[in-house]
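Trainee: The opening residue of the sequence shown carries number 1 in full-length UniProt numbering; numbering runs sequentially from there.
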Amino acid sequence: MRSRRQASARPRASLLLKLGTIFCVLFLHVPMAFIILYAFTTEDKSYVFPPPGLTLKWFAVAWGRQDVWDALTLSVQVALTATVMALILGTLAAAAVSRARFFGREAVSLLVILPIALPGVVTGIALRSAFGLADIPFSFWTIVVGHATFCVVVVYNNAVARLRRTSGSLIEVSMDLGANGFQTFRYVVLPNLATALLAGGMLAFALSFDEVIVTTFTAGQQTTLPIWMLSELVRPRQRPVTNVVAVFVIAVTFIPILTAYWATRSSAFAEGGGK
1 MRSRRQASAR
11 PRASLLLKLG
21 TIFCVLFLHV
31 PMAFIILYAF
41 TTEDKSYVFP
51 PPGLTLKWFA
61 VAWGRQDVWD
71 ALTLSVQVAL
81 TATVMALILG
91 TLAAAAVSRA
101 RFFGREAVSL
111 LVILPIALPG
121 VVTGIALRSA
131 FGLADIPFSF
141 WTIVVGHATF
151 CVVVVYNNAV
161 ARLRRTSGSL
171 IEVSMDLGAN
181 GFQTFRYVVL
191 PNLATALLAG
201 GMLAFALSFD
211 EVIVTTFTAG
221 QQTTLPIWML
231 SELVRPRQRP
241 VTNVVAVFVI
251 AVTFIPILTA
261 YWATRSSAFA
271 EGGGK
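1. Residues in its own chain within less than 7 Å of E211 by CB, not counting five upstream and five downstream?
2. In this structure, how does DSSP classify G80 when only helix, strand and coil are distinguished?
3. List in chain order: all unbroken alpha helix (DSSP H) runs of 4+ residues lying wholly within the segment 156-216.
4. Under 7 Å, do V153 and I213 count as touching if we go by C-beta distance?
5. Between G90, V244 and A251, which has its C-alpha nearest L56's C-alpha?
6. CA-CA distance, T83 and L26?
7. So, I125 versus A219, is the Cβ gap smaller than 7 Å?
8. Pick out whichever of T224, V145, Y261 and F140 has its Cα sitting closest to the Cα of A130.
9. Report the residue from A94, T149 and D135 whose alpha carbon sits nearest the alpha carbon of A196.
10. With respect to the alpha helix (DSSP H) encompassing T123, which residues constitute its N-terminal and C-terminal limits?
11. For my contact list, T91 and V155 are in at a C-beta cut-off of 8 Å; report their separation, rounded to the angstrom.
12. Using only the alpha-carbon positions, how far apart do F103 and S109 sit?
13. Comparing alpha-carbon positions, which option in T184, V252 and E232 lies nearest S208?
14. Our contact map puts V68 next to A60 with C-beta atoms below 8 Å; I'd like the distance itself, whole angstroms only.
15. Name the residue from T149, T184 and L163 whose alpha carbon lies nearest to the alpha carbon of A86.
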């Protein structure tokens, strides 16, 4: 009853605030609506509004393109591998920073989150230079390393925020009751971290899947799906196919982000979700 009274006592939003919110939502999502619309257009040369007609043929064309499947497969493999790497490294770094006291702890925390604050061009150039100095040829793993640099930050931010809100006495009680380190991690730490790691992993996958700038510097001759889309935009007759693939990318990145939101909305918000 008290929460209902408090909710009813809140002032209603003004008309200006409502209009501003509507404008913000339209500003963010109308361009995506046009992309979805142009995926069904019958025009194959340029963008025309309103579309002269609607068709599903471009979905069939995109389905039959082997280059689309190759790029999609590479993007999914890179995103999954980078996410697993980020979950391991980000969780270990978060545990060290949140549970241990050592000289330079804050500096370490700053260095871990720094890659997500740097422009992607800077990260890409730095990685390309490092690979060149080490004489490492561009491959699947150079892309994974490039993506992991910012995916680790997303997982780290979620994990360290959750660990700092988890009482250390729970771990001490578990150890006092005879549990070893693995049992304590499995039955005490992991259940408290589960939703934070799920959110961090989903966001890391979404960021890796649609990454363009860092991939451009670390992929060499390989083509991920975003790189494929960027190269196809210069071909006017291929734009409807590109729009179809863009619709698929929207769906693939929307699902993990929505999953992360639902997993954390009741317990804690997902931190570090933007890049």
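Note that the Cβ used here is the ideal one computed from N, Cα and C, for glycine as well.
Mentor: On the basis of the data shown:
1. As a first step, residue 211 is located in the sequence shown; it is residue number 211 there, counting from the start. If we look at E211 and ignore the five residues flanking it on each side, its Cβ neighbours are H147 and P226.
2. Residue 80 sits at position 80 when you count from the first residue of the sequence shown. In the sequence as presented, Gly is not what sits at residue 80; that position holds Leu. Helix.
3. 169-176, 181-184 and 190-209
4. For this step, residue 153 is matched to residue 153 along the sequence shown. For this step, residue 213 is matched to residue 213 along the sequence shown. No, these two residues do not count as a Cβ contact at 7 Å.
5. Taking the sequence shown and counting its residues from 1, the one referred to as residue 56 is at position 56. Cα-wise, what sits closest to L56 is V244.
6. As a working note, residue 83 is residue 83 in the sequence shown. As a working note, residue 26 is residue 26 in the sequence shown. The alpha-carbon atoms of T83 and L26 are separated by roughly 31 Å.
7. As a first step, residue 125 is located in the sequence shown; it is residue number 125 there, counting from the start. As a first step, residue 219 is located in the sequence shown; it is residue number 219 there, counting from the start. In this structure, A219 does not lie closer than 7 Å to I125 by Cβ.
8. Against the sequence shown, residue 130 aligns to sequence position 130. Considering only alpha carbons, the answer is V145.
9. As a working note, residue 196 is residue 196 in the sequence shown. Here the closest residue by C-alpha is A94.
10. Residue mapping note: residue 123 aligns to position 123 of the sequence shown, counting from 1. G120 to L133 is the extent of the alpha helix (DSSP H) around T123.
11. Against the sequence shown, residue 91 aligns to sequence position 91. Against the sequence shown, residue 155 aligns to sequence position 155. Yes, they are in contact, since the Cβ atoms of T91 and V155 sit about 7 Å apart, within 8 Å.
12. The count along the sequence shown starts at 1 and reaches residue 103 at position 103. The count along the sequence shown starts at 1 and reaches residue 109 at position 109. Roughly 12 Å separates the two Cα atoms.
13. Translated into positions along the sequence shown, residue 208 becomes position 208. If we check each option's Cα against that of S208, V252 comes out closest.
14. Residue mapping note: residue 68 aligns to position 68 of the sequence shown, counting from 1. Residue mapping note: residue 60 aligns to position 60 of the sequence shown, counting from 1. Actually they are not in contact, since the Cβ atoms of V68 and A60 sit about 12 Å apart, beyond 8 Å.
15. Here residue 86 refers to the residue found at position 86 when the sequence shown is read from its first residue. When each option's Cα is compared against that of A86, the closest is T149.
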